[in-house]
Each structure stands twice: as structure tokens, then as C-alpha cells.
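What follows is one structure encoded as C-alpha cells, with my remarks underneath.
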Amino acid sequence: MISFQHVTKIYSCNSIALEDVSFEVKEREFISLVGKSGAGKTTLLKLLLAEEKPTQGKIFFEGKNIPEIKPSRLPEFRREIGAVFQDYKLLPSKTTYENIAYALEVVGASDQEINRDVPKVLEIVGLTEKANNFPAELSGGERQRAAIARALIHRPEVILADEPTGNLDPYHSLDIIQLLLKIQEMGTTVILATHNKEVINSLGKRVITLEKGRVIRDEEKGRFIL
Amino acid sequence: MRKKEDLYYKHQIYMFTSLKRIIKSGCRGFFRDGGLMIATVFVLILVIILATSLFLFSGVSQFIIALVEEKADISVYFKEDAMEVDIFEVKEELTKIPEVKEIKYVSQERALDDFIERHKENPILMASLAEVGHNPFLASLNIMASDPGQYQNIVSFLEAPDFTALVEKVDYYERRPVIERIFSITSTANKVFIFLSIILAIVAILVTFNTTRLAIYNTREEIKIQRLVGASSWFIRGPFLIQGILAGILAALTSLALVSLITWFLSPKIEVFFPGLNIFEFFSVNIWQIILIQFATGILLGIISSSLAIRKYLRV
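Note that the protein sequences, when read in sequence, are chains A and B.
Under this note's numbering, read the first sequence as residues 9 to 234, first letter to last.
Under this note's numbering, read the second sequence as residues 3 to 318, first letter to last.
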């Protein structure tokens, strides 16, 4: 489904973010990307979202080479991917409900679909009570759940989660990871980038370890070893 | 075929819902960003009022110029023994000059009657007129040119040798400085006006542009997020354009109310200085033109400045 082929990303001559990275992701897989800060996890996700272009190599998503997608086609492409970020990236001027509905409005869903789906997703992430609150009025864990709900709502093929637990306490971290597992069980591929050791070790899923921009380990049922 | 039609129909619905959402989101943004929108509307009001006053001023100045130009004329006085037929011949000749707008013949008797009419309350003047015993006034032609710059040509025409036997004097040299000054004032005023309008227009665009840029700068993170969620450029740009249009409309409405109040209030005061100049009337007569100017200025400025300001942040 996703295939990285000899991908290198160089920002400047003394800043090599990724070097000759190759791996495949199968449908409905749950993959964790681990590594220290600066190992290249975020860059890898940015390449997948077409926020950055690789210096070398190809990245295929369902047969399309991502760097070759025209700028005018990018919005469409991004709708097939749901993204969750460490800093949530919720729209501050919209309520929880509107933030989630926005992802559907963007794809041109009808009002009936929005009215039907948003409450459902709010229920899945446990935010029904907070539907009319603005992000500033939510706790960190609630904001991240809202962000996940937004990433989920248009039923993307893949969910990218970049340090989703980075700003959360262990209790809420576990909460978020449970939610991601639930999403994967419902049939979505999940790519999780994190440096949270407990999270990785409790998962027992595939782990790709990055170090200085290279893949140093790729194991089914991997553990956090650095 | 059926499938194609279905697709077309779906696309139409998609366009319609998107447009509806863009307008809705623009309106919502307009009220949520209250403070900044008030600032934008305020700047727009200033610009629109400036544009309107330029329009009003040009009307007023045209009125004043016309008033002054009407008073700038030359009179040719004919010798006492000049025959009326000859004078009419001169008049005939003068009408052939394209610069001449109007010629009025004042006979000796008419000049006397005018004088008596004007000064009948003044016993001294009347007594001295009686003293003279005969009509001391000369027949004259009162000439008005279409442009104050043309008087010199007309004078040269009258100074031709053919007319020296008839013409007593041309009343131009006494008035020449005045006429020329009026001419230079009106042409400079016009130039200054054009210059000022250009400067004001540039300032207006820069100020509005900057205000909207500030407003959009605040939302640059938001734009980035919208991009990442997969919103198309028009879906992001649309609400800002709607906000710009709303600000423009609101500003135009406010300006219209303000300008009509101001002209209504000032009109009698200005009329004291320039009898016959009623700016409120000028305003009411040209109301549609003014409404057009105000709405066009407001909406265009709103749209141009927000689309310029947002362009930079759409490249994600």
C-alpha cells in the first residue's frame, strides 16, 4: 500500500534527515516509527503528506508516486490520509464539532452526512459532551482525541500520528494509543511515530527504528531498543 | 451517458454545497473576528469617504470654475458714430471664430437703461447723468469664450486694421491679469486634484492591504492546518473574500449614511459663500453614481487586498 524506495532527504549539506530509507507498509497494518529526536520520524511523515519532497527516491501510495502529484491535486490526495500531530493542530476559531465537520466539508460531504457522522465519531473518541467547546477550553488529552476524530471522520486509508502522546501524561497517552488500536482494528492503516518506550513495548506490533536518518531495525512484534 | 450525467449532477451539488459553506464560513468569520473586522471596516470607510469627497469636490470645483469663467468676458466698445449695421457685421465675423461661445450686443440705449436701472437709488449719479445731457454710453459687444485661454486670440482678431475705424477700445487689458490668473488657477487646481487623487488611491490600497494582511497573518497557522486536512485553495480563500466583501458592503453603507448627513448639514453653510451651490442637491442628483463609487471602492478594495494578502500563505 505504501512503499518507500531508497528515499533520501537532505535539507542542507550538513543536515541529512533521511538516508536511503526503504520499507513497505501493508494494508491494515499498525506500524510504529521509533528513534531519538532528529532521527527523521517527522520528516518521513511530512514526505508522506507531501509537505516536503524527497531529494532522492520514490514514495508510492496505492501506486501513485507522491512527489509527482501536481499541487492542484494535493488537496484530493491529502483527503485519503488522516494526520494527527503532537500540537493537535485544531482550528482555534472552530468548536470541536466544527473542527471535525470541517474535514468532511472539505471533501464536499452533504449536510446530512455531516450531521450523521460527526456525532458518531465524537462518541467513539468520547467527546460528545465537549462538542460545542473551543479547543482552548479542552484539556490536552481531549484536544488530541478531537484531532484523532478529525483525522478519522472521512474514513481515510491511513492515519499518520506524529508524537500524538508527546504532550500528554501516561494515563492519557494510554488512552490515545487504545484509540489508535481501535481504529486499526476497524480497518485503517496506522503509522505512529513516537519515542515513548512504554507505549511501544505494550503494543507488540511492527516497529521500525530510525537512527540518524537510516533504518537500523525493522521487526514484527518489535520492542523499543535504542 | 447516464453515468456522465450523474457525475455532472454530483459535481453541481458539490459546487453548490461548497459555495454555501464558503459564504457561511465567511459570515461566521466576519462576526468572530469582530475587532479586526471593525478596524478593516473603519479604514474602508475612510477610503470610501475620501473617494466620495473627491467626487463631490470635483463637482463643486467645476461649479466654481464655471461661475468664474462666466464672469471672465471681454467687451468691445464701438465708437459713438459706429453704425449698428457695422457692429452687427463685426458680430457676424466674430461668431465664425470657433473659440467664441456667446456674443451679446448691448446698444447705447440699452447701456443707458441698464445704468439707470442699476443706480436709480443713487441721486448723485442720476444728477450727474442729467448734467451730461446726452447718452454717454457706447454700444458694445460682450464676448464670452469657451475657454479662458482663448481671449488673447479674440483680442488679436479685434485689433486687426479692418476694425480700428469702428472700435473705441477693447476692455481686455484691464481684466487680462484677472482672466489669466483664473485660467492658471483652474488648470493648476485640476492638476493638483488629479495628483491628490492618485496619491490617495495608493495610500488607500496600501492601508487596506496592510490591515487585511494583519488579519490574515493571525490565521496563517489555520490556513496551514486547512491545507493539511485537504482543503482546496478556493475553499480556504473563499471565506476571506466573503469577509472582504462583507466589510466593503458594511463600509459603503456606513459611508453613504455619513456622507448624506454631512452634505445635508454643510450644504446651507456652503451656500452662504457660493450662492447657487447646493452640495446636498448635487449629492442627491448624483446619488446612484455615488452609491456605485462607494460600493465599488469598498468591495473591490476588500477583495483585492484579501486575495493579495492570502496568496503568500496558500503555498503549503
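Built from N, CA and C at the ideal position, the CB exists for glycine as well.
A quick note: this is a predicted structure, and the numbers were derived from the prediction, not measured.
Practice prompt. Could you tell me which of A:Val33, A:Gln152, A:Ala139, A:Glu227 sits nearest to Leu188 of chain A, measuring between CA atoms?
Written response: Numbered from 1 along the first sequence, position 180 holds the residue referred to as residue 188 of chain A. Checking every option, the nearest Cα to that of Leu188 of chain A belongs to A:Gln152.
Item to complete: Could you list the residues in the region 223-251 of chain B with a C-beta less than 7 Å from some C-beta on chain A, going in chain order?
Response: Glu224, Ile227, Leu230, Val231, Gly232, Ala233, Ser234, Phe237
Practice prompt. Check whether the region 87-96 of chain A touches the region 128-139 of chain A, taking contact to mean three or more Cβ pairs, one atom from each stretch, closer than 8 Å.
Written response: no
Worksheet item: Under the rule that 16 or more other beta-carbon atoms within 10 Å means buried, what is Asp75 of chain B, buried or exposed?
Response: Stepping through the second sequence from its first residue, residue 75 of chain B is reached at position 73. Asp75 of chain B comes out buried.
Worksheet item: Grouping DSSP H, G and I as helix and E and B as strand, with all else coil, what is Leu279 of chain B?
Response: Walking along the second sequence from the start, residue 279 of chain B turns up at place 277. In the structure shown, Leu279 of chain B sits in coil (DSSP, three-state: anything other than H, G, I, E or B).
Worksheet item: To which residues of the same chain is Ala113 of chain B closer than 6 Å at the C-beta, ignoring the five residues directly before and after it?
Response: Position 111 of the second sequence, counting from 1, holds the residue named residue 113 of chain B. Contacts found: Phe139.
Item to complete: Flag Ala157 of chain A as yes if its beta-carbon sits less than 9 Å from any beta-carbon of chain B, otherwise no.
Response: Taking the first sequence and counting its residues from 1, the one referred to as residue 157 of chain A is at position 149. It does not: the Cβ of Ala157 of chain A has no partner Cβ on chain B nearer than 9 Å.
Worksheet item: Alpha carbon to alpha carbon, how far is Ile201 of chain B from Arg183 of chain B?
Response: By one-based count along the second sequence, residue 201 of chain B stands at place 199. By one-based count along the second sequence, residue 183 of chain B stands at place 181. Rounded to the nearest angstrom, the two C-alpha atoms are 26 Å apart.
Worksheet entry | Sequence-distant residues of its chain with Cβ nearer than 8 Å to Ala144 of chain A (five each side left out) | The residue you call residue 144 of chain A lines up with position 136 of the first sequence. Only Pro100 meet the Cβ criterion.
Item to complete: For the region 167-229 of chain A, list the beta strand (DSSP E) runs that are entirely contained and at least 3 residues long, ordered along the chain.
Response: 197-202, 214-219, 222-227
Worksheet item: Using the rule of at least 16 other Cβ atoms within 10 Å of the residue's Cβ for burial, across every protein chain shown, is Val134 of chain B buried or exposed?
Response: Taking the first residue of the second sequence as position 1, residue 134 of chain B is located at position 132. The residue in question, Val134 of chain B, is exposed, as its Cβ has fewer than 16 Cβ neighbours within 10 Å.
Worksheet item: For the candidate residues B:Ile105, B:Leu168, B:Lys171, B:Ala162, whose alpha-carbon lies nearest to that of Ser148 of chain B?
Response: Here residue 148 of chain B refers to the residue found at position 146 when the second sequence is read from its first residue. It is B:Ile105.
Discussion item. Strictly below 7 Å CB to CB, what residues from chain A border Arg34 of chain B?
Written reply: As a working mapping, residue 34 of chain B is identified with position 32 in the second sequence. Counting only Cβ-Cβ distances below 7 Å, Arg34 of chain B has contacts in chain A at Ser101, in chain order.
Practice prompt. Answer yes or no: does any C-beta atom of chain A fall closer than 9 Å to that of Tyr315 of chain B?
Written response: The residue labelled residue 315 of chain B in the question sits at position 313 within the second sequence. Not closer than 9 Å to any Cβ of chain A, the Cβ of Tyr315 of chain B fails to qualify, so no.
Worksheet item: So, does the CB of Arg215 of chain B fall closer than 9 Å to a CB anywhere in chain A?
Response: Working through the second sequence from its first residue, we reach residue 215 of chain B at position 213. No, Arg215 of chain B does not count as interfacial toward chain A.
Worksheet entry | Separation of Leu48 of chain B from Glu170 of chain B, as counted between CA atoms | If you number the second sequence from 1, residue 170 of chain B lands on position 168. If you number the second sequence from 1, residue 48 of chain B lands on position 46. The straight-line gap from Cα to Cα measures roughly 58 Å.
Worksheet entry | Beta carbon of Leu319 of chain B nearer than 9 Å to that of Phe80 of chain B | In the structure as shown, chain B begins at 3 and stops at 318. Residue 319 of chain B is therefore absent and cannot be evaluated.
Practice prompt. Would you kindly report the start and end of the unbroken beta strand (DSSP E) that includes Phe68 of chain A?
Written response: Position 60 of the first sequence, counted from the first residue, corresponds to residue 68 of chain A. Where Phe68 of chain A is concerned, the enclosing beta strand (DSSP E) stretches over 64-69.
Fill in: Rounded Cβ spacing between Ile167 of chain A and Ile108 of chain A (contact assumed at less than 8 Å)
Counting from 1 along the first sequence, the entry for residue 167 of chain A is found at position 159. Counting from 1 along the first sequence, the entry for residue 108 of chain A is found at position 100. Ile167 of chain A to Ile108 of chain A, Cβ: 14 Å. No contact.
Discussion item. With a threshold of 9 Å between beta-carbons, can Ser309 of chain B be considered close to chain A, or not?
Written reply: Against the second sequence, residue 309 of chain B aligns to sequence position 307. The beta carbon of Ser309 of chain B sits no closer than 9 Å to any beta carbon of chain A.
Discussion item. Am I right that Ile39 of chain A and Ile199 of chain A are in contact with their C-beta atoms under 8 Å? What's the rounded C-beta distance?
Written reply: Looking up residue 39 of chain A in the first sequence gives position 31. Looking up residue 199 of chain A in the first sequence gives position 191. Indeed, because the Cβ distance is near 5 Å, the residues count as touching under 8 Å.
Practice prompt. Could you tell me which chain B residues have their CB closer than 9 Å to the CB of Ala91 of chain A, listed as they occur along the chain?
Written response: Against the first sequence, residue 91 of chain A aligns to sequence position 83. Under the 9 Å cutoff, chain B gives Leu230, Val231.
Discussion item. For Tyr315 of chain B and Ile187 of chain B, which I take to be in contact (beta-carbon distance under 8 Å), what is that distance rounded to the nearest angstrom?
Written reply: Within the second sequence, the letter at position 313 stands for residue 315 of chain B. Within the second sequence, the letter at position 185 stands for residue 187 of chain B. Not really, about 50 Å apart at Cβ, beyond 8 Å.
Practice prompt. Below 6 Å CB to CB, which residues in the same chain sit around Gln245 of chain B once its five sequence neighbours on both sides are set aside?
Written response: Within the second sequence, residue 245 of chain B is the residue found at index 243, counting from 1. The residues are Gly28, Gly31, Phe32.
Worksheet item: If you draw a straight line from the C-alpha of Gly174 of chain A to the C-alpha of Gly240 of chain B, how long is it?
Response: Numbered from its first residue, the first sequence carries residue 174 of chain A at position 166. Numbered from its first residue, the second sequence carries residue 240 of chain B at position 238. So the two alpha carbons sit approximately 34 Å from each other.
Worksheet item: Is the shortest distance between the beta-carbon of Lys97 of chain A and the beta-carbons of chain B less than 9 Å?
Response: If you number the first sequence from 1, residue 97 of chain A lands on position 89. Yes, contact with chain B.
Discussion item. What would DSSP say about His162 of chain A, mapped onto helix, strand or coil?
Written reply: Counting from one through the first sequence, the residue named residue 162 of chain A turns up at place 154. His162 of chain A: coil per DSSP, three-state reduction.
Worksheet item: If Leu52 of chain B and Ala206 of chain B are in contact, beta carbons under 8 Å, what's the gap, nearest whole angstrom?
Response: Locating residue 52 of chain B in the second sequence gives position 50, counting from the first residue. Locating residue 206 of chain B in the second sequence gives position 204, counting from the first residue. Confirmed, about 7 Å.
Discussion item. The beta strand (DSSP E) that contains Gly90 of chain A, what's its start and end?
Written reply: Taking the first residue of the first sequence as position 1, residue 90 of chain A is located at position 82. Segment 89-92, the beta strand (DSSP E) holding Gly90 of chain A.
Fill in: Cα-Cα separation between Glu227 of chain A and Arg214 of chain A, rounded to whole angstroms
Along the first sequence, read from residue 1 onward, the residue named residue 227 of chain A stands at position 219. Along the first sequence, read from residue 1 onward, the residue named residue 214 of chain A stands at position 206. Roughly 6 Å separates the two Cα atoms.
Discussion item. Starting from His136 of chain B, trace the alpha helix (DSSP H) in both directions and tell me its first and last residue.
Written reply: Numbered from its first residue, the second sequence carries residue 136 of chain B at position 134. Taken as a continuous stretch (DSSP letters only), His136 of chain B belongs to no alpha helix (DSSP H), as it is neither H nor E.
Fill in: Option nearest Lys49 of chain A by Cα separation, candidates A:Glu171, A:Val115, A:Val126, A:Glu76
Position 41 of the first sequence holds residue 49 of chain A. Of the candidates A:Glu171, A:Val115, A:Val126, A:Glu76, the one whose C-alpha sits nearest the C-alpha of Lys49 of chain A is A:Glu171.
Worksheet item: Excluding sequence positions up to five away, which residues of its chain have a Cβ less than 7 Å from the Cβ of Gly195 of chain A?
Response: Looking up residue 195 of chain A in the first sequence gives position 187. Only Arg36 meet the Cβ criterion.
Worksheet item: When the cut-off is 9 Å and only beta carbons count, does Glu59 of chain A lie next to chain B?
Response: Residue mapping note: residue 59 of chain A aligns to position 51 of the first sequence, counting from 1. Yes, contact with chain B.
Worksheet item: Which chain B residues are close to Pro62 of chain A, counting only those with a beta carbon under 8 Å from its beta carbon?
Response: Along the first sequence, one-based indexing puts residue 62 of chain A at 54. None at all; the shortest Cβ gap to chain B is about 17 Å.
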